[in-house]
Amino acid sequence: MDDHKSEDQHLVAAAQHILKALAASKAVSDDLRKTLLDFDIHLSAMSIVERSIKQLERKIKFAEGKIMTWKAKNSMIWDCGSKESSEYLEAVSEIQAAVHNLQSLNEHDKELLGRANGILQVAMAKLEEELVHILVKHKQYLEPESFANEAGSVDLVNPALIPDLKSIANVMFGSKYHQEFCQTFISSRRDALDEFFVVLEIERFSNENVMKMEGNCLNREIKKWIRAVKIVFQVYLVAEKRLCKQILGDFNDSVYQFCFAEITLSFVLKLLNFGEAVAMGNRSPEKLFCFLDIYEVLENLAVYVDILFFEEFGSFVRDEFHKLLNKFGEASKFTFLAFKNAIANDPSKARFPGGGVHHLTKYVMNFIKTLAEYGEALNLLLADETPADPEGNDDDDSHPLAGEFWSVAATLESNLISKSKLYKDVALQHVFMMNNIHYMVQKAKSSELSLVFGDRWLRRHVAKFRDNARSYERVTWGPILSILKQENAELNCTSSKENLKKKCKDFNASFSETYRSQTGWYIPDTELREDVQISISQKVAHAYRQFTGRYSSTIDEKWKKHTVDDIENYVLDLFVGSPKSLHYFSSSAQILKRDKSV
Amino acid sequence: MPATTENNHNQGSFLGRISIRRNQVMSMSMDGSHDTECEEMELFQRHVAERFAELLSCTDEPEAFMSIGWLRKLLDEFLCCEAEFKAVLLMGRDPFQIAKPPLDKLLPELLDRIIKSLDVCNAVSLGIDSLRNIQRLAEIVLSALDQTLIGDGQVRRAKKALSALLSAMLHEDKDGGITKGTERSRSFGRRGNKDKDRSAAAPFRSLSWTMPKNWSAAKQIHAMSSNLAAPRGNESSGLALPVFIMNTVLVFVLWTLVAALPCQERNGLGTHFQMPRNLSWAQPITALQERISEEWKKKEKKGTVGLLEEMQKMEKIAQWLLDFADSFQFPAEADKLEEVKAQVEELADICRKMEEGLEPLQLQIREVFHRVVRTRTEFLHVLDQAAKLNIPAS
Chain F
1 MDDHKSEDQH
11 LVAAAQHILK
21 ALAASKAVSD
31 DLRKTLLDFD
41 IHLSAMSIVE
51 RSIKQLERKI
61 KFAEGKIMTW
71 KAKNSMIWDC
81 GSKESSEYLE
91 AVSEIQAAVH
101 NLQSLNEHDK
111 ELLGRANGIL
121 QVAMAKLEEE
131 LVHILVKHKQ
141 YLEPESFANE
151 AGSVDLVNPA
161 LIPDLKSIAN
171 VMFGSKYHQE
181 FCQTFISSRR
191 DALDEFFVVL
201 EIERFSNENV
211 MKMEGNCLNR
221 EIKKWIRAVK
231 IVFQVYLVAE
241 KRLCKQILGD
251 FNDSVYQFCF
261 AEITLSFVLK
271 LLNFGEAVAM
281 GNRSPEKLFC
291 FLDIYEVLEN
301 LAVYVDILFF
311 EEFGSFVRDE
321 FHKLLNKFGE
331 ASKFTFLAFK
341 NAIANDPSKA
351 RFPGGGVHHL
361 TKYVMNFIKT
371 LAEYGEALNL
381 LLADETPADP
391 EGNDDDDSHP
401 LAGEFWSVAA
411 TLESNLISKS
421 KLYKDVALQH
431 VFMMNNIHYM
441 VQKAKSSELS
451 LVFGDRWLRR
461 HVAKFRDNAR
471 SYERVTWGPI
481 LSILKQENAE
491 LNCTSSKENL
501 KKKCKDFNAS
511 FSETYRSQTG
521 WYIPDTELRE
531 DVQISISQKV
541 AHAYRQFTGR
551 YSSTIDEKWK
561 KHTVDDIENY
571 VLDLFVGSPK
581 SLHYFSSSAQ
591 ILKRDKSV
Chain G
599 MPATTENNHN
609 QGSFLGRISI
619 RRNQVMSMSM
629 DGSHDTECEE
639 MELFQRHVAE
649 RFAELLSCTD
659 EPEAFMSIGW
669 LRKLLDEFLC
679 CEAEFKAVLL
689 MGRDPFQIAK
699 PPLDKLLPEL
709 LDRIIKSLDV
719 CNAVSLGIDS
729 LRNIQRLAEI
739 VLSALDQTLI
749 GDGQVRRAKK
759 ALSALLSAML
769 HEDKDGGITK
779 GTERSRSFGR
789 RGNKDKDRSA
799 AAPFRSLSWT
809 MPKNWSAAKQ
819 IHAMSSNLAA
829 PRGNESSGLA
839 LPVFIMNTVL
849 VFVLWTLVAA
859 LPCQERNGLG
869 THFQMPRNLS
879 WAQPITALQE
889 RISEEWKKKE
899 KKGTVGLLEE
909 MQKMEKIAQW
919 LLDFADSFQF
929 PAEADKLEEV
939 KAQVEELADI
949 CRKMEEGLEP
959 LQLQIREVFH
969 RVVRTRTEFL
979 HVLDQAAKLN
989 IPAS
């Protein structure tokens, strides 16, 4: 080849030498001289082109050899070491350059150009295969658990191969085969993402299916989904974008952004679709926690989403994400309201036996206890809608959620009052309210809720149940105590003995009746029960002692049915929830009627 | 490659129409709410008829029948109908009227259809993704053949893309997510298995479907269209009628989308609907439906599916170009090259339409999704209110 080249060169050089010599000769006319010099210039140009074309032809042939050899083989270039791959890429570069040069030369050797393009196409097709091969072989699989710990430092493709991928990209882009590169790259990465979804155990559900899911099944799927969403946005997609940038960052920014968007968009939408279906589900109060869970997660992820998809290519995803976030915010608000309404509208049809703590009270207090754990999310959602507290509990130091929780408590109280009115016995109404408000206070004192409810509310409600206790006492024991009371004026009354006998009889009857009905009442909290009992005991036993003591001379032993100790002991039977009766009346007259107040 | 996003152009048109209509109604009758109601319903029927009549008469670019532009118009009209429907049923109305018979049964049915329609929206949206993939392949063909000098290299390049393109078009429905397994190299181990690497054609295969495995668009449409009966007798003049109209429009629009765009399992898509013959508002829809059914039956027999005008055209061009590529010998004759140029130009035109129209179409479908969800929520809320008012005070 070199001989050929130098032969040509010598010939042309020789010709040019002769031409120049001739032109310089005085024997030549001016016209002829001009012609000769023109010819010389032509020769120069032609030889350059010829030389170039010959050169190119040789280069093409050399590169062709390499490229065609690999076409025939079944194996992969990049499996055979970096020498092979760099040689191949060099060959491709040669062809690329040849094509470029041939195109810019005025004399189009169409055949040669066609040949070069043909070889280039073969190389591009091979590089496509290589690209797929590298991406698949050097995919890195990580367990979702480890993902959680390595946020930001995850490599989805073995980093050692990035330079190779870049080289292939550069060569393919340089040859104007960037479309094939991107298509292949996007397709391969989509596959990887699809597989990851399988690892995350994300199944494909239709909207219908999701909406039919109930209870445990739904909760399980939501849990999986929350986990998936976190990993995908915080780790996987961040890594994917970085990968795109590493490989395609040398080109216009829009290239890697476009690829990232094409890879991820439809998967992200699929992921969000599950959320859409959940948000459409029924809005019973129990769902509130699941809505809040999702709301919290989405709220935390919003910043990742905004960063990942801040370009125009990703605006659709960003919008959909924020729409979904808002939907869960709405759903949470709505469900919370439904919860409050459910409390307000809880039917009061049957009397709650024994006047103890109603299950509505337990349900509500336990519900809001769990709700308090979502403090942050609720804050965001309900900030604008906190009702003013009619009881004037609020002040500047109140917890942001205080208003809502006070409102819930007030709604509950209101409903309980309606329930209490079902009791005919006013005393029982008070016991019922006392029990329930006491329960509310006990729950409200617990760690999470105490911060929300605040001291003032607690103090007020302690006062409330104590008021109820006192009212109860007044209603039940007032009349009984007044029996035992003796006005001074009556001390010297001539009918005092009859009076006293009557008093004893009345006392016994009242006490017995009270005992009979109120042993069936129930104060669940032992401390509260004791407090009430002690209070009663102190007053009644004291009054009884005084009464029997003062009139001991007049009072016949037969009239007295109890000792003071008896009274004190009987009081301890009250509010235990097991009805008892005092059998000291003759049986025939005392068929005990059903306690009307229970 | 980067697509331009278009803003949602729906808002102007239908909001404008709504406000005009409201004003018309208000000015026409100030007294007699019953009259107003009749007016509203009359207007609703007339508007539906007008809208679909317009769609029927669309023959020219860029909204040729069953083109991307036409589908966008279709969805636009749907959103208008939907908004009007909501206005007719909800605005200024006592919740009780919605909750009493026959709406107590008809409304929940509509809401149920809405849930079903969401899956169709999702499936069709995925179909648009696969169309975009086809567009990219077509663009490679353009890059290869839109040259003055066409040699072996360009032709082979075009041929590769053309085969993948045609394969994607023809197999999209049948293979769907089922043969995925054999084609793909799922390497779950630490290292990929070299032997399972895909062939060069693989990167161009159709995108995987991601609807649930046994989900079928055809079945879904069928389920939606069953029990769709026109109100009779007394009911035909009450609120049952607009509900029936809305149901019909919903089913028709989704059916059309499924017929036009690729989506999972369209085989067996029903072509016969019990459309009311005598109702004036239904005539344009019936005519459209008949026309689409005709086309569908023709295509199904031929073995190719999908009625989107751009796809139909592209298929023909791709086939022609592939034949050209198969019989190509360098150098090609001048007049042959002229023909190639013409085909390529047409292909470029289609790609341009797809580039401009696919993303807005997808956005519109998403808009439909969100709107009907919102409608459903609103109706549920109203029905809930009505139910609560029925409960005796506790």
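Protein chains in written order, with the numbering used here: chain F, 1 to 598; chain G, 599 to 992.
Every residue, glycine too, gets a C-beta built ideally from N, C-alpha and C.
Is it true that the stretch 300 to 319 of chain F meets the stretch 327 to 345 of chain F, where meeting means three or more beta-carbon pairs spaced less than 8 Å apart? no
For G/E976, does the count of other Cβ atoms within 10 angstroms reach 16, so buried, or fall short, so exposed? Counting from 1 along the second sequence, the entry for residue 976 of chain G is found at position 378. Burial check for G/E976: the Cβ neighbour count within 10 Å stays below 16, so the residue is exposed.
Residues that G/H968 contacts on chain F, provided the C-beta gap is smaller than 8 Å: On the second sequence, position 370 is the one that residue 968 of chain G refers to. What G/H968 touches in chain F: K323.
From F/D306 to F/Y295, what distance separates their C-alpha atoms? Taking the first residue of the first sequence as 1, we reach residue 306 of chain F at position 306. Taking the first residue of the first sequence as 1, we reach residue 295 of chain F at position 295. For F/D306 and F/Y295, the distance between alpha carbons rounds to 16 Å.
Name, please, each residue of chain F whose Cβ falls closer than 8 Å to the Cβ of G/Q962. Position 364 of the second sequence, counted from the first residue, corresponds to residue 962 of chain G. Those within 8 Å of G/Q962 in chain F number zero; the least Cβ separation is about 12 Å.
In chain G, which residues lie less than 8 Å from F/F575 when you measure between Cβ atoms? Within the first sequence, the letter at position 575 stands for residue 575 of chain F. Simply none; closest approach about 27 Å.
Output needed for F/A409: all residues of its chain with C-beta closer than 7 Å, excluding positions within five of it in sequence on either side, in chain order. Position 409 of the first sequence, counted from the first residue, corresponds to residue 409 of chain F. Excluding positions up to five away in sequence, the list reads M440.
Which residue's Cα is closest to the Cα of G/E640: G/L877, G/R711, G/Q983? Within the second sequence, residue 640 of chain G is the residue found at index 42, counting from 1. Checking every option, the nearest Cα to that of G/E640 belongs to G/L877.
Write down every uninterrupted run of the alpha helix (DSSP H) in the stretch 182 to 214 of chain F whose length is 4 residues or greater and which is fully enclosed by it, in chain order. 207 to 212
Which first and last residues belong to the alpha helix (DSSP H) in which F/K126 is found? Reading the first sequence from its first residue, position 126 is the one you call residue 126 of chain F. Where F/K126 is concerned, the enclosing alpha helix (DSSP H) stretches over 110 to 137.
Roughly how many whole angstroms lie between the Cα atoms of G/I713 and F/R529? Position 115 of the second sequence, counting from 1, holds the residue named residue 713 of chain G. Position 529 of the first sequence, counting from 1, holds the residue named residue 529 of chain F. If you take the alpha carbons of G/I713 and F/R529, they lie about 55 Å apart.
Any chain G beta carbon closer than 7 Å to F/S206: Taking the first sequence and counting its residues from 1, one reaches residue 206 of chain F at position 206. Yes, F/S206 lies at the interface with chain G (some Cβ there is under 7 Å from its Cβ).
Would G/I738 and G/E908 be called neighbours here (beta carbons separated by less than 7 Å)? Locating residue 738 of chain G in the second sequence gives position 140, counting from the first residue. Locating residue 908 of chain G in the second sequence gives position 310, counting from the first residue. No, these two residues do not count as a Cβ contact at 7 Å.
Taking a cut of 7 Å between CB atoms, which residues from the stretch 738 to 755 of chain G lie near chain F? I738, S741, L747, G749, D750, G751, Q752, R754, R755
G/E863 and G/A821 closer than 7 Å at C-beta: Counting from one through the second sequence, the residue named residue 863 of chain G turns up at place 265. Counting from one through the second sequence, the residue named residue 821 of chain G turns up at place 223. Cβ distance not < 7 Å, so G/E863 and G/A821 don't count as in contact.
The ligand ATP heavy atom lying under 6 Å from the CB of G/F650: For the structure depicted, the ligand ATP is absent and the ligand set is empty, with no information on it obtainable.
From what residue to what residue does the alpha helix (DSSP H) around F/L265 run? By one-based count along the first sequence, residue 265 of chain F stands at place 265. It spans 253 to 279 - the alpha helix (DSSP H) in which F/L265 sits, taken as one unbroken run.
In terms of alpha-carbon separation, which member of F/S206, F/V278, F/T361 lies closest to F/I226? As a working note, residue 226 of chain F is residue 226 in the first sequence. That would be F/V278, whose Cα lies nearest to the Cα of F/I226.
Can you say whether F/C80 is buried or exposed, counting buried as having 16 or more other CB atoms within 10 angstroms of its CB? Position 80 of the first sequence, counted from the first residue, corresponds to residue 80 of chain F. So F/C80 counts as exposed.
DSSP beta-bridge partners for F/Y522? Within the first sequence, numbered from 1, the residue matching residue 522 of chain F stands at position 522. BP columns for F/Y522 point to F/V576.
Hey, does F/G114 have any beta-carbon neighbour from chain G nearer than 7 Å? Numbered from its first residue, the first sequence carries residue 114 of chain F at position 114. Judged by the 7 Å Cβ criterion, F/G114 is in contact with chain G.
Using a beta-carbon distance below 7 Å, is F/N326 in contact with chain G? For the purposes of this step, residue 326 of chain F is taken as the residue at position 326 of the first sequence. For F/N326, no Cβ of chain G is located within less than 7 Å of the residue's own Cβ.
Short CB-CB distance (under 7 Å) between G/R889 and chain F: For the purposes of this step, residue 889 of chain G is taken as residue 291 along the second sequence, with counting starting at 1. No - not a single Cβ of chain F is within 7 Å of the one on G/R889.
Report all residues from its chain with a CB closer than 6 Å to the CB of F/E180; omit the five preceding and five following residues, and keep chain order. Position 180 of the first sequence, counted from the start, is the residue given in the question as residue 180 of chain F. Only E128 meet the Cβ criterion.
Less than 7 Å separating the beta-carbons of F/A116 and F/V92? Position 116 of the first sequence, counting from 1, holds the residue named residue 116 of chain F. Position 92 of the first sequence, counting from 1, holds the residue named residue 92 of chain F. No; because the gap between Cβ atoms is not below 7 Å, this pair is not in contact.
Does DSSP put G/S878 in a helix, in a strand, or in coil? Along the second sequence, read from residue 1 onward, the residue named residue 878 of chain G stands at position 280. Helix.
Please name the residues in the stretch 848 to 863 of chain G whose beta-carbon is closer than 8 Å to at least one beta-carbon of chain F, in chain order. none
Looking at chain A, is there any beta carbon in it that lies within less than 7 Å of the beta carbon of G/F926? The structure shown contains no chain A; the protein chains it does contain are F and G.
Looking only at C-alpha atoms, which of F/R466, F/K503, F/V462 sits nearest to F/S482? Residue numbering aside, residue 482 of chain F sits at position 482 when the first sequence is read from its first letter. For the residues F/R466, F/K503, F/V462, the minimum Cα distance to F/S482 belongs to F/K503.
For the stretch 936 to 953 of chain G against the stretch 961 to 974 of chain G, are there 3 or more C-beta pairs whose distance is under 8 Å? no
In this structure, does DSSP put F/V452 in helix, strand or coil? As a working note, residue 452 of chain F is residue 452 in the first sequence. In the structure shown, F/V452 sits in a helix (DSSP, three-state: H, G or I).
Residues bridged to F/V157 [DSSP beta-bridge criterion]: If you number the first sequence from 1, residue 157 of chain F lands on position 157. Answer by DSSP bridge pairing, in chain order: F/K139.
By the DSSP assignment, the alpha helix (DSSP H) with G/H820 in it spans what residues? Within the second sequence, residue 820 of chain G is the residue found at index 222, counting from 1. G/H820 -> alpha helix (DSSP H) spans 815 to 823.
Within 10 angstroms of the Cβ of F/F465, are there 16 or more other Cβ atoms? Answer buried if so, exposed if not. As a position in the first sequence, residue 465 of chain F is number 465, starting the count at 1. With a 10 Å radius around the Cβ and a threshold of 16 neighbouring Cβ atoms, F/F465 comes out buried.
Could you tell me which whole beta strand (DSSP E) segments of length 3 or greater appear in the stretch 306 to 332 of chain F? none
Determine the DSSP secondary structure at G/R691, reduced to helix, strand or coil. Counting from one through the second sequence, the residue named residue 691 of chain G turns up at place 93. Note: G/R691 maps to coil in three-state DSSP.
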